[in-house]
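To convert, note that position 119 of the sequence shown is 119 in the UniProt record's numbering; the numbers rise steadily by one, no gaps. By construction, the Cβ of each residue, glycine as well, lies at the ideal position given by its N, Cα and C atoms. Keep in mind that this is a model prediction, so the values were computed, not measured.
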Amino acid sequence: MRRGSVLLADSHSPMLEAIRTLLDERFEAVVMVADVRSLLETMDRLKPDLVIVDVSLPHNAGKNVIAMIHERLPNTDLIALSAYSDRALTDRILASGAIAVVQKSSAVTGLGPALDALGCDRQCSAPA
């Protein structure tokens, strides 16, 4: 089991539960939230080792949630979940501070390699 905590943010409950099962095997604590407001409040309180966030969270008001997280916790690993496979969007997400972008359609299988890559010095985009 990996030490530390992870904050998982996604508005889709079945997705949260599926990903949580994977994370429970690797982290001591997994905290789940469903919107940007809760994400920021919990993040400020918890100071997690890893944040996994859906880039299309509710209450985002068009802001770049990845950049907001990276600005508040610059030393925290950040993995983005995206429903889109657009390369330009992936590049923007990585440039905003994420270490990986995982397609939501393959999140359960795609997160494993992204989590394994946490120790590397490169950004990665898990395959769709």
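- The C-alpha of residue 19 is placed about 12 angstroms away from the C-alpha of residue 105.
- Take the alpha-carbon of residue 96 and the one of residue 56: they are about 15 angstroms apart.
- Counted as a single uninterrupted DSSP element, the stretch harbouring residue 99 is not any alpha helix (DSSP H), since DSSP gives it neither H nor E.
- Taking every protein chain shown into account, the CB of residue 100 has 16 or more other CB atoms within 10 angstroms, so this residue is buried.
- Residue 42 and residue 33 do touch by the CB rule: their CB atoms are close to 5 angstroms apart, below 8 angstroms.
- Our two residues, residue 45 and residue 118, have alpha carbons roughly 23 angstroms apart in a direct line.
- By the Cβ-count criterion, residue 13 is exposed, with fewer than 16 other Cβ atoms from all chains shown falling within 10 Å of its own Cβ.
- Comparing C-alpha distances from residue 48 to each of 68, 108 and 75 shows the shortest one belongs to 75.
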